[in-house]
Amino acid sequence: MADSRRTDADAGRGAPRNPTKDQGVLVIGLGRFGSSIAATLDRLGQDVLAVERNPDLVAQWTGRIPLVEADAVNPDALEQLGAREFPVAVVGVGSYLEASVLITGNLVDIGVPQIWAKAISSEHARILQRIGAHHVVLPEADAGSRVAHLVSGKMLDYIEVEDGFTVVKMRPPKETQGFTLAQSKVRERYGVTIIGVKSPGIDFQYATPETRISANDLIIVGGHADLLERFASRP
Numbered sequence: 000m001a002d003s004r005r006t007d008a009d010a011g012r013g014a015p016r017n018p019t020k021d022q023g024v025l026v027i028g029l030g031r032f033g034s035s036i037a038a039t040l041d042r043l044g045q046d047v048l049a050v051e052r053n054p055d056l057v058a059q060w061t062g063r064i065p066l067v068e069a070d071a072v073n074p075d076a077l078e079q080l081g082a083r084e085f086p087v088a089v090v091g092v093g094s095y096l097e098a099s100v101l102i103t104g105n106l107v108d109i110g111v112p113q114i115w116a117k118a119i120s121s122e123h124a125r126i127l128q129r130i131g132a133h134h135v136v137l138p139e140a141d142a143g144s145r146v147a148h149l150v151s152g153k154m155l156d157y158i159e160v161e162d163g164f165t166v167v168k169m170r171p172p173k174e175t176q177g178f179t180l181a182q183s184k185v186r187e188r189y190g191v192t193i194i195g196v197k198s199p200g201i202d203f204q205y206a207t208p209e210t211r212i213s214a215n216d217l218i219i220v221g222g223h224a225d226l227l228e229r230f231a232s233r234p
């Protein structure tokens, strides 16, 4: 499935291929962040093209994902590899602030509809947002916040959706074990909603008032982060 491209603006390998419009994702930078995104998208069958200027990284990933060796700081290189044809671009270059800003600006200039950019600090994030990045990700800060929630209680996974609304996977507090949701009245008492239950050896089930929770279950719970923390702190 993997292939590669070449641009005249920077020495590369292979020949251009036409991305599938409305589906293709352009990933610039094959560090840990960018390579993880590109490899996962490729594994999921998405049309992805990675762009990397470091020959060592290009050699490492050639034959594994579709890629081209090019310097995306050069706007001509982006034009020649067809960057404007992609509806989504990810800028995985974070450690080099100038390159990150220039690449993001190039993508804004050619009108890429959705631009995701990695930032390494809040100041970096503000710059990317001001020049037109639609989504800015701070992987280390986000991971640190997520892990802090996980180590502080029964939570096994934590996803903040928006405006404080969060979904978590956790072990059920003792006061819910052996009772149906109607009996334990979790929503009334804690302001959170048990969305579903995964019992050992049984497929995930959406929760109903008649759903009975056992000690070995995993529960999926949604609600405001503060209320979820209170619920997860129960013994």
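Take the sequence shown: its letter number 223 is residue 222 in numbering that gives the first Met the number 0, and every next letter is one higher.
Where is the CB? At the ideal position from N, CA and C, for every residue including glycine.
Model, not experiment: these values are computed from the prediction.
N- and C-terminal bounds of the beta strand (DSSP E) containing residue i
{"i": "Y157", "result": "154–161"}
{"i": "T175", "result": "Unbroken run through T175: none, as it is neither H nor E."}
{"i": "T207", "result": "Run containing T207: none; DSSP gives neither H nor E here."}
{"i": "L25", "result": "24–27"}
{"i": "A49", "result": "47–51"}
{"i": "V191", "result": "Looking at the DSSP string, V191 is not in any beta strand (DSSP E), and its letter there is neither H nor E."}
{"i": "A214", "result": "Neither: A214 is in no beta strand (DSSP E) and is coded neither H nor E."}
{"i": "V166", "result": "164–169"}
Straight-line gap, residue i to residue j (C-alpha atoms, nearest Å)
{"i": "R170", "j": "I36", "result": "30 Å"}
{"i": "K20", "j": "E84", "result": "Reliability fails at K20, whose pLDDT of 44 lies under 50, so the model's placement of it is uncertain and the value that follows must be treated cautiously. K20 and E84: Cα-Cα distance of roughly 6 Å."}
{"i": "P112", "j": "D162", "result": "24 Å"}
{"i": "E139", "j": "G91", "result": "13 Å"}
{"i": "L106", "j": "P54", "result": "23 Å"}
{"i": "G33", "j": "Y157", "result": "22 Å"}
{"i": "A206", "j": "P74", "result": "52 Å"}
{"i": "A224", "j": "Y189", "result": "12 Å"}
{"i": "G195", "j": "P208", "result": "11 Å"}
{"i": "T61", "j": "S121", "result": "33 Å"}
{"i": "I193", "j": "E187", "result": "12 Å"}
Proximity of residue i and residue j at Cβ, strictly below 9 Å
{"i": "A69", "j": "Q79", "result": "yes"}
{"i": "V191", "j": "L155", "result": "no"}
{"i": "R233", "j": "P172", "result": "yes"}
{"i": "Q182", "j": "S213", "result": "no"}
{"i": "I64", "j": "A49", "result": "yes"}
{"i": "F230", "j": "V160", "result": "no"}
{"i": "K168", "j": "I219", "result": "yes"}
{"i": "L217", "j": "K197", "result": "yes"}
{"i": "I109", "j": "L77", "result": "yes"}
{"i": "G93", "j": "L56", "result": "no"}
Terminal residues of the alpha helix (DSSP H) in which residue i lies
{"i": "A98", "result": "96–108"}
{"i": "F230", "result": "224–231"}
{"i": "H123", "result": "121–130"}
{"i": "G30", "result": "Run containing G30: none; DSSP gives neither H nor E here."}
{"i": "V136", "result": "Run containing V136: none in the alpha helix (DSSP H); it sits in the beta strand (DSSP E), 134–136."}
{"i": "L80", "result": "Run containing L80: none; DSSP gives neither H nor E here."}
{"i": "E68", "result": "Looking at the DSSP string, E68 is not in any alpha helix (DSSP H); the run it does join, the beta strand (DSSP E), is 66–68."}
Supposed close pair residue i, residue j - CB separation, criterion 8 Å
{"i": "H123", "j": "L101", "result": "Wrong, their Cβ atoms sit about 13 Å apart, outside the cutoff."}
{"i": "G23", "j": "E51", "result": "No, G23 and E51 are not in contact; Cβ-Cβ is about 17 Å, not under 8 Å."}
{"i": "V26", "j": "V89", "result": "5 Å"}
{"i": "V166", "j": "G221", "result": "5 Å"}
{"i": "A132", "j": "I119", "result": "Contact doesn't hold; Cβ gap of about 14 Å is too wide."}
{"i": "L137", "j": "T103", "result": "15 Å between Cβ atoms; not a contact."}
Check: residue i C-beta below 8 Å from any heavy atom of the ligand ZN
{"i": "V24", "result": "Inclusion of the ligand ZN in the displayed structure is not the case, the ligand content being empty and no account of it being possible."}
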